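Asks:
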Ligand SMILES: Nc1ncnc2c1ncn2[C@@H]1O[C@H](COP(=O)(O)OP(=O)(O)O)[C@@H](O)[C@H]1O
Ligand SMILES: [Mg+2]
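This is how it looks when you write it as structure tokens:
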């Protein structure tokens, strides 16, 4: 039954709603709406000037209306009088085809039409920095191998526990929190879910982590590679595909290699086939390419892939099969748009299932040390421009994610690349001044 947001507000003591949508660059845009206006907003949506956000619209376009999806509503655990609700963008009464949540819903619909439900869990790593973002907030967090550092995570207990308490209250079933492999870096894990719910939770998680960090006078960042020499922020995604009731995991097969069924292998085959184009979505920032393909970090490993390879329980490859019935895509980073990340994985996977794609051989080696022994393994794009060109060539993925989306995304991302290229860097000065 469709939730009535006005009733929800009365029951929970909510005074304001944040009607929120995510644009193509992953920015969350919201209007704060008093409860008494929500009945109309739930029907007609909140109005926005689309051009003012990253959606490849012009100032001449008509108003964009963001219609709240009540199934996503969350009362802010740190400010109970406010509720956040994810919205679907419309224009002229129709879904705005390039809006990320609209893209994901369409792709989820394509999976449903084949009686499939994709479920995913993500690991959205982040750093806690000082308020101006210039360095990590804990000056004592200096270990060479800081992963799981007991003392360092306890120095940030107030922040981490507050966020975890909120996830517990929201019923996300969080189950562990740790200090990650870079100084100042943390990861918090909660249970996997259907992709639209995972994407909404992912969006809300970023908002929540940033908000709680700000409350403590800190700044949280999901930037893919904030510090040279330190491990970057990944956003690994664990994937399985279930029957339409969500009861049977069609990827699970006890007798199959790594416990991954033929359907699982085919879905994975789609991921492998489209990986280089997928990078344009999973690794969408200029900075993303300083995480993948990076030289070894101070801790000894980047934990990020550099080639399109897969294996069993071994974290040096793009895809790992950590346990029967699922695989982990380690490609995406903290800049990935929560909705587009899920949409791109489903689109690539469905294409693999339809074409009965073969993921190719698995190489059970340490890719960081022995990657050179498989010279024909395709390399991931070296920069954003290469990734955009790969996406431009991948007409199948473009079609699955939608032509309007693909053209809007490519346009905006090429502008971003050009803006980056026009920027003079210190490195250029250092290496070219005396030429
Ligand atoms: N069958 C499954 N399908 C999708 N995601 C899953 C499945 N089983 C577990 N997950 C999710 O995978 C993620 C695992 O994250 P984590 O425990 O940090 O693993 P690791 O760091 O070992 O990769 C969690 O979000 C978990 O809920
Ligand atoms: Mg983890």
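Numbering (this note's numbering), first residue to last: 5 to 439.
Beta carbons are placed, not taken as given, at the ideal position from N, Cα and C, and that holds for glycine.
Predicted model, so just to flag it, every value in this text is computed and none were measured.
Using 8 Å as the cut-off, can you tell me whether the region 210-228 makes contact with the region 329-343, which would need three or more C-beta pairs spanning the two stretches below that distance?
Replies: yes
Asks: Our contact map puts residue 127 next to residue 240 with C-beta atoms below 8 Å; I'd like the distance itself, whole angstroms only.
Replies: That belief holds up - the Cβ atoms of residue 127 and residue 240 are roughly 5 Å apart, short of 8 Å.
Asks: Find the nearest neighbour of residue 413 within the set 281, 297, 362 and 10, judged by alpha-carbon distance.
Replies: Comparing Cα-Cα distances from residue 413 to each of 281, 297, 362 and 10, the minimum goes to 281.
Asks: Which residues does DSSP pair with residue 244 in a beta bridge?
Replies: 123
Asks: Where residue 327 and residue 394 are concerned, what is the direct C-alpha to C-alpha distance, given to the nearest angstrom?
Replies: 31 Å
Asks: Starting from residue 95 and walking both ways along the alpha helix (DSSP H), at which residues does that stretch end?
Replies: Not the alpha helix (DSSP H): residue 95 falls in the beta strand (DSSP E), residues 86-95.
Asks: Across the region 166-183 and the region 107-122, are there enough close Cβ pairs to call them in contact, namely three or more that are closer than 8 Å?
Replies: no
Asks: Is residue 244 close to ligand 1? I mean its beta-carbon at under 6 Å from any heavy atom of the ligand.
Replies: yes
Asks: What are the start and end residues of the beta strand (DSSP E) that includes residue 278?
Replies: Membership of residue 278 in any beta strand (DSSP E) is not indicated; the residue belongs instead to the alpha helix (DSSP H) covering 266-286.
Asks: Determine the closest residue to residue 421 out of 82, 104 and 293, with distance taken between C-alpha atoms.
Replies: Cα-wise, what sits closest to residue 421 is 293.
Asks: Please look up how many angstroms separate the CB atoms of residue 287 and residue 352, rounded, as I've assumed it's under 8 Å.
Replies: Incorrect: roughly 14 Å between the Cβ atoms, too far for contact.
Asks: Could you tell me the distance, in whole angstroms, from the CA atom of residue 135 to the CA atom of residue 129?
Replies: Going by the C-alpha atoms only, they are around 18 Å apart.
Asks: Helix, strand or coil, according to DSSP, for residue 51 in the structure here?
Replies: It is a strand residue.
Asks: Smallest Cα separation from residue 190: which of 132, 77 and 434?
Replies: Considering only alpha carbons, the answer is 132.
Asks: Alpha carbon to alpha carbon, how far is residue 188 from residue 302?
Replies: Taking the CA atoms as reference points, residue 188 sits about 14 Å from residue 302.
Asks: Would you tell me roughly how many angstroms separate the C-alpha atoms of residue 57 and residue 75, rounded to the nearest one?
Replies: 24 Å
Asks: Near ligand 2, which residues have their beta-carbon closer than 7 Å to a heavy atom?
Replies: 127, 191, 193 and 240
Asks: Could you have a look at residue 99 and say whether DSSP puts it in helix, strand or coil?
Replies: strand
Asks: Start and end of the beta strand (DSSP E) containing residue 180?
Replies: 178-183
Asks: Is any heavy atom of ligand 1 found at a distance shorter than 6 Å from the C-beta of residue 129?
Replies: No, Cβ of residue 129 sits at least 6 Å from all heavy atoms of ligand 1.
Asks: Taking C-beta to C-beta, are residue 245 and residue 254 nearer than 7 Å?
Replies: yes
Asks: Go ahead and label residue 93 buried or exposed: buried means 16 or more other beta carbons lie within 10 angstroms of its beta carbon, across all protein chains shown.
Replies: buried
Asks: Could you check whether the Cβ of residue 125 sits closer than 6 Å to any heavy atom belonging to ligand 1?
Replies: yes
Asks: Between 178, 405, 329 and 164, which lies nearest to residue 101 when the distance is taken from Cα to Cα?
Replies: 405
Asks: Going by C-alpha to C-alpha distance, which of 125, 400, 82 and 45 sits closest to residue 199?
Replies: 125
Asks: Are the CB atoms of residue 361 and residue 268 within a distance shorter than 7 Å?
Replies: no
Asks: Would residue 419 be called buried (16 or more neighbouring beta carbons within 10 Å of its own) or exposed?
Replies: exposed
Asks: Secondary structure at residue 339, three-state DSSP: helix, strand or coil?
Replies: coil
Asks: What do you get for residue 342, buried or exposed, if any count of 16 or more other CB atoms within 10 angstroms of its CB means buried?
Replies: buried
Asks: Exposed or buried, residue 46, counting other C-beta atoms within 10 Å across all chains shown (16 or more means buried)?
Replies: buried
Asks: Looking at C-alpha atoms only, which residue of 178, 313, 159 and 156 is the closest neighbour of residue 367?
Replies: 313
Asks: Output the boundary residues of the beta strand (DSSP E) element that contains residue 234.
Replies: Element bounds for residue 234: n/a, residue is neither H nor E.
Asks: Looking only at C-alpha atoms, which of 265, 424, 38 and 289 sits nearest to residue 23?
Replies: 38
Asks: Quick check: the Cα distance between residue 67 and residue 55, rounded to an integer number of angstroms?
Replies: 9 Å
Asks: Looking at the secondary structure, which residues open and close the beta strand (DSSP E) in which residue 361 lies?
Replies: Careful: residue 361 lies outside any beta strand (DSSP E) and carries neither H nor E.
Asks: Give a yes or no on whether the C-beta atoms belonging to residue 307 and residue 235 are separated by under 7 Å.
Replies: Cβ atoms of residue 307 and residue 235: closer than 7 Å.
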